[in-house]
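Below: one structure, written as structure tokens.
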Amino acid sequence: MHTRITRHLIADADGLAEAAALLRAGGLVAFPTETVYGLGADATDGRAVAGIYEAKGRPSFNPLIAHVASPEAAFALGPFDAHATALAKAFWPGPLTLVVPVGDDSPVSDLARAGLSSVGLRVPSHPVAQALLALVDRPVAGPSANRSGHVSPTDAAHVLADLDGRIDAVLDAGPTAVGVESTIVGCLGGAPVLLRPGGVTRAEMEAVLGVALGEPVSEATIAPGMLASHYAPNAAVRLDATEVRPGEALLAFGPALPCDGPVLNLSVSGDLSEAAANLFGHLRRLDAEGATAIAVMPIPAEGLGEAIRDRLKRAAAPRV
Ligand code: TXA
Ligand code: MG
């Protein structure tokens, strides 16, 4: 592992210029998006992309998504069928990643795509991400800026906790608003397939498409990153808890159950957007407080709840 001095850049004009220069020179820079912080590298530079896999400890069979500043820039990177075009027009910029066939002579490196014949494309809406991508003026590969298998970062301190000394800089714009990663939809012919629930809900997408989203045949092969055990804090996680057992910390939703240990509430009022924004930070805090077991109160599966439940299910899965 080659060590780097990690600079903490504030996202003003100077910080943005510095971050863009580092990326254009092949560096690794974590940057804010509306979902979570991403670990950026020039997606056209295989050597820079290799640095992402090394810094995260990510298996190189797990492809990266490419971030660009505008839908037009994304349309140039692969053929968009009618479904992909409709979703892009409705939700970009925003928390949606579209997997499309990779275009001929794509500038996105093979390594970033893990050799697949498809490519994941995302146009984030965060103003700092937008400004950075415009300055870099190349596709930027960006997985979540955490060590592989760990909880995604929703502020710069989370990024540094995982990657200090392994990346060149973090561009700090405070906490992210959505808190769970982008929704990933595969548009590779036939009905679009929901590969990962996320910031755009199933209902919002189906309203635009006028058809139901398909389900992946096998998650492991279609979205290689969706390993069952993922988003894992150190503590064991128990879902849909209706009582707290001795020794457990509580991750509450709505009015909290009685609990003798540490309690953090995702949303006292039962608001799913607030819960999504708090999810990863609360898991990290309970870990930092030394919780060894976390009971999680039931969260409804509708709207953003689908993405929250997906991440909690992975956090609770047996560790690989
Ligand atoms: O919100 C987000 O999407 C964040 C921010 C930084 O943009 N990024 C993110 O990246 O969550 P990552 O690498 O942590 O998750 C992307 C997922 C992985 O599970 C990967 O396997 C999948 O997307 N993926 C990427 N390219 C793919 C492709 N061509 N086909 C299927 N799945 C793909
Ligand atoms: Mg990730």
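According to our numbering, the sequence shown is numbered sequentially starting from 524. Heads up, the beta-carbon is just placed ideally off N, CA and C, and yes, glycines get one too. Remember, predicted model here, so these are calculated numbers, not experimental data.
Option nearest L562 by Cα separation, candidates V819, R842, I575: That would be I575, whose Cα lies nearest to the Cα of L562.
Closer than 6 Å: S641 CB and nearest the ligand MG heavy atom: no
In chain order, each beta strand (DSSP E) run of at least 3 residues that lies wholly inside the segment 571-597: Counting only runs of at least 3 residues, the segment 571-597 fully encloses the following beta strand (DSSP E) elements, listed from N- to C-terminal order: 588-590.
The ligand MG heavy atom lying under 6 Å from the CB of S667: yes
Those runs of the alpha helix (DSSP H) which lie wholly inside the segment 747-835 and span at least 4 residues: Segments of the alpha helix (DSSP H) lying fully in the segment 747-835: 795-811.
First and last residue of the uninterrupted alpha helix (DSSP H) at R725: Here the alpha helix (DSSP H) through R725 covers 725-732.
Endpoints, alpha helix (DSSP H) assigned at R719: Careful: R719 lies outside any alpha helix (DSSP H), inside the beta strand (DSSP E) at 716-719.
Any non-hydrogen atom of the ligand TXA closer than 6 Å to V622 Cβ: Set against 6 Å, the gap from the CB of V622 to the closest heavy atom of the ligand TXA is smaller.
Beta-bridge pairing of I533 - partner residues as DSSP gives them: D695
Contacting residues, own chain, Cβ-Cβ under 7 Å from A839 (five flanking each side not counted): Only V760, R761, L762 meet the Cβ criterion.
The ligand TXA heavy atom lying under 6 Å from the CB of S705: Correct: S705 has its Cβ closer than 6 Å to the ligand TXA.
Distance, R670 Cα to R897 Cα: Limits of the chain in this structure are 524 at one end and 843 at the other, which puts residue 897 out of reach.
Proximity test, N585 beta-carbon vs the ligand ADP heavy atom, cut-off 6 Å: With respect to the ligand ADP, the structure offers nothing, as its ligand set consists of the ligand TXA and the ligand MG.
A743 (DSSP reduced to helix, strand or coil): Confidence at A743 is low in this model, with a pLDDT of 47, below 50, so its placement is unreliable and no value can be given for it.
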